[in-house]
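*Asks:* Quick note: the sequence shown, position 219, residue 219 per the UniProt record's numbering, numbers continuous. In this text, a Cβ means the ideal position worked out from N, Cα and C, and glycines have one as well. Sharing a structure with you now.
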Amino acid sequence: MQVTIIGAGLAGCEAALWLAGAGVQVDLYEQKPVRFSPAHKSEGFAELICSNSLKAERPDSASGLLKLEMRALGSSLLPAADTARVAAGGALAVDRDQFSREVTRLVESHPNITVHRQEVTALDESAPVLVASGPLTEGPLAAAIAALTGDRRLSFYDAVAPIVTAESLDCEKVFAASRYGRGEADYLNCPFNKEEYEAFHAALVAAERAPLHDFDGGLTVYEGCMPIEVMAARGADTIRFGPLRPVGLRDPRTGHRPWANVQLRAENAARTLYNLVGFQTNLKWGEQKRVFSMIPGLEHAEFVRYGVMHRNTFLDSPQVLTEQQFLKDHPNVFFAGQITGFEGYMESAASGLLAARQILARLQGRTLPPPPAETMCGALLRYITTPNKDFQPMGANMGILPRTPDIDAIRDKRERYAALSRAAQRAMNEWVEEDKP
């Protein structure tokens, strides 16, 4: 049994490792370092671009539930993330270079995986092929996909946040704490008073943005990566109730909750670099330096990476993709990752695991139903394959899980989410058991 996988991002690596572990011979194609996308810099696999956070681990959170389901599915990337973990309160964050090195090592050392460092320009439908090339797919491969899908694609813009050095922060103003005392003070906090915040907000809204080359005639920005300046323009308190929310924090200088608060998350295990949480941006670099230096504690910050925006391209999955993740009109061509509309690092990896199981079932001559709708994986699959004229990428969230009267009767939200999580875990474990040979 042999399978071709295109793309060594999170989805492609997860799929390759699972299939190889099941005895399938995998040809994994990765275009780096022959060709880099505008956002990728490293030659390593599973390169994290926007953030080093893989989000919450609590079982009663959507992201935590997704991770539990992925472990049940046999994830290889979550154990790799555990080895590269950096402190982040209740979240799983990683040293992104260490994480990539570990995933690359796992893939390259597996006897059932053959790595090809070359660009793929055509799709061979004579045997199952998994396209996990990501939302920055371009050139001949994008044209080959368009030829199969009738050019039914959607384009959005995605943004990333700036990174600053730890030594350039003002320790007199910045304090370490996690919200409500969760974790071991894993975040650095930059507290605003009311006057400081209002001046910052005014400067942020008025700052000059970088031009975008919009060749589709319309710009769509995905809500999950909304630039901070776009969000701020919606109202004076929008970001104060969003990424700058001060709840669960107390400024040790005043003894009171800040009016607004910017959190910084460690980018690497040595904690020499910090990411501005929620500060995805398309401001010009000079404007980023000017405006973000108004954040208390960042007056003399050294920016080692400024925020940027890049174009992402997605399949119109509700129109072209089945719940088994192959094209309706081309059953040997499977897709996984963010190109399908699974939004987020772990969501992308999870879709790789799901596609791998579907491909193995195909190779064995059997049909595998998708995971139950009450699982997070099943709910995400149904979301991206259900007709929707306003289709946008979707990440894990409790809102897409189906409700029952018993669940709805639970009034406390935390308890309700815990009950949803328990039901989802049971359903996923049963599905995995049923899929065993």
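How long is the line joining the alpha carbons of ALA260 and ALA176, rounded to whole angstroms?
*Replies:* Spanning the two alpha carbons is a distance of roughly 15 Å.
*Asks:* Using 8 Å as the cut-off, can you tell me whether the region 361-368 makes contact with the region 159-171, which would need three or more C-beta pairs spanning the two stretches below that distance?
*Replies:* Cβ pair count under 8 Å is below three, so no.
*Asks:* To the nearest angstrom, how far is the alpha carbon of GLN118 from that of VAL34?
*Replies:* C-alpha separation (whole angstroms): 6 Å.
*Asks:* Can you tell me whether DSSP reads HIS330 as helix, strand or coil?
*Replies:* Strand at HIS330.
*Asks:* Using CA atoms only, rank isn't needed, just tell me which of SER348, PHE303, LEU381 is closest to PRO318.
*Replies:* PRO318 has its Cα closest to that of LEU381, out of SER348, PHE303, LEU381.
*Asks:* Taking the runs of the beta strand (DSSP E) that are 3 residues or longer, which of them lie wholly in the region 256-311?
*Replies:* Runs of the beta strand (DSSP E) inside the region 256-311: 260-266, 273-276, 303-305.
*Asks:* What's the call for LYS55, buried or exposed, on a 16-neighbour Cβ count within 10 Å?
*Replies:* Burial call: buried.
*Asks:* Which ranges would you report for the beta strand (DSSP E) in the region 108-155 if only whole runs of at least 3 residues count?
*Replies:* With a minimum length of 3 residues, the continuous beta strand (DSSP E) runs that stay inside the region 108-155 are 113-116, 129-131.
*Asks:* Would you call VAL277 buried or exposed, if buried means 16 or more other Cβ atoms sit within 10 Å of its Cβ?
*Replies:* The residue is buried, with at least 16 neighbouring Cβ atoms inside 10 Å.
*Asks:* Please name the residue in LYS436, ARG411, MET398 whose C-alpha comes closest to that of ARG422.
*Replies:* When only C-alpha atoms are compared, the closest one is MET398.
*Asks:* Would VAL129 and VAL304 qualify as a contact pair, given that the criterion is a beta-carbon distance under 7 Å?
*Replies:* No, they are not a contact pair.
*Asks:* Skipping 5 residues on each side, what residues in its chain have a beta carbon closer than 8 Å to that of HIS116?
*Replies:* Counting only Cβ-Cβ distances below 8 Å, and skipping sequence neighbours, we find ASP27, LEU28, TYR29, GLU30.
*Asks:* Name the DSSP bridge partner or partners of VAL3?
*Replies:* Bridge partners of VAL3: VAL26.
*Asks:* Put VAL34 into one of helix, strand or coil per three-state DSSP.
*Replies:* Coil, per DSSP.
*Asks:* Taking the beta carbon of PRO191 as the centre, do at least 16 other beta carbons fall within 10 Å, making it buried, or is it exposed?
*Replies:* With 16 or more Cβ atoms within 10 Å of its Cβ, PRO191 is classed as buried.
*Asks:* Can you tell me whether ILE410 is helix, strand or coil according to DSSP?
*Replies:* Note: ILE410 maps to coil in three-state DSSP.
*Asks:* Roughly how many whole angstroms lie between the Cα atoms of GLU433 and LEU66?
*Replies:* Taking the straight line from one Cα to the other gives about 18 Å.
*Asks:* Spatial neighbours of ALA373 within its chain, please: CB distance less than 7 Å, with the 5 preceding and 5 following residues excluded, ordered by chain position.
*Replies:* Excluding sequence neighbours, ALA373 sits near ALA379, ARG382, PRO402.
*Asks:* By Cβ distance below 6 Å, which residues in the same chain neighbour ALA62 in space, the five residues on each side in sequence not counted?
*Replies:* Cβ neighbours of ALA62 beyond the five flanking positions: ALA396, ASN397, MET398.
*Asks:* Give the range of the beta strand (DSSP E) segment to which LYS55 is assigned.
*Replies:* Per DSSP, LYS55 belongs to the beta strand (DSSP E) from 53-56.
*Asks:* For ILE163, list the residues DSSP reports as bridge partners.
*Replies:* According to DSSP, which records beta bridges pairwise, ILE163 is partnered with ASN275, ARG305.
*Asks:* Taking contact to mean 3 or more Cβ pairs, one atom from each stretch, closer than 8 Å, check whether the region 165-180 and the region 238-250 are in contact.
*Replies:* The answer is yes - the region 238-250 touches the region 165-180, with three or more Cβ pairs under 8 Å.
*Asks:* Under 8 Å Cβ to Cβ from SER42, same chain only, skipping five residues before and after it: list those, please.
*Replies:* So the list reads LYS32, ASP97, SER100, once near-sequence residues are dropped.
*Asks:* If you run the structure through DSSP and keep just helix, strand and coil, what is VAL247?
*Replies:* Here VAL247 sits in coil by DSSP.
*Asks:* Taking ALA232 as the reference, which of THR281, PRO296, LEU273, THR340 has the closest Cα?
*Replies:* Of the candidates THR281, PRO296, LEU273, THR340, the one whose C-alpha sits nearest the C-alpha of ALA232 is THR281.
*Asks:* Short check: CB of GLY297 to CB of LEU123, under 7 Å?
*Replies:* Their beta carbons are not under 7 Å apart, which means GLY297 does not touch LEU123 by this criterion.
*Asks:* Under a Cβ-count criterion, where at least 16 other Cβ atoms within 10 Å of its own Cβ denotes burial, should THR272 be classed as buried or exposed?
*Replies:* Burial call: exposed.
*Asks:* Let me check understanding here. Comparing Cα to Cα, which of ALA356, TYR345, ASN189, MET428 lies closest to THR4?
*Replies:* Of ALA356, TYR345, ASN189, MET428, the residue nearest in Cα terms is ALA356.
*Asks:* Per DSSP, what kind of secondary structure is ARG253 in: helix, strand or coil?
*Replies:* Reduced to three states, the DSSP call for ARG253 is coil.
*Asks:* To the nearest angstrom, how far is it from the Cα of GLY255 to the Cα of GLU196?
*Replies:* Approximately 18 Å, taken between the alpha carbons.
*Asks:* Might you give, ordered along the chain, the residues of its own chain that have their beta carbon closer than 7 Å to the beta carbon of SER133, omitting 5 neighbours on each side?
*Replies:* So the qualifying residues of the chain are ILE6, GLY7, LEU141, ILE339.
*Asks:* What are the boundary residues of the beta strand (DSSP E) that ALA91 is part of?
*Replies:* Where ALA91 is concerned, the enclosing beta strand (DSSP E) stretches over 91-94.
*Asks:* Mind pulling the beta strand (DSSP E) runs of 3 or more residues that sit fully within the region 168-210?
*Replies:* Whole beta strand (DSSP E) segments, 3+ residues: 187-192.
*Asks:* Who are the near neighbours of ARG311 in its chain, counting only those whose CB is closer than 7 Å to its CB and skipping five residues on each side?
*Replies:* Counting only Cβ-Cβ distances below 7 Å, and skipping sequence neighbours, we find SER155, TYR157.
*Asks:* Counting Cβ pairs closer than 8 Å, one from the region 13-21 and one from the region 134-153, do we hit at least three?
*Replies:* At 8 Å Cβ cutoff, the stretches do not touch.
*Asks:* According to DSSP, is MET394 part of a helix, a strand, or is it coil?
*Replies:* Of the three classes helix, strand and coil, the one that applies to MET394 here is strand, per DSSP.
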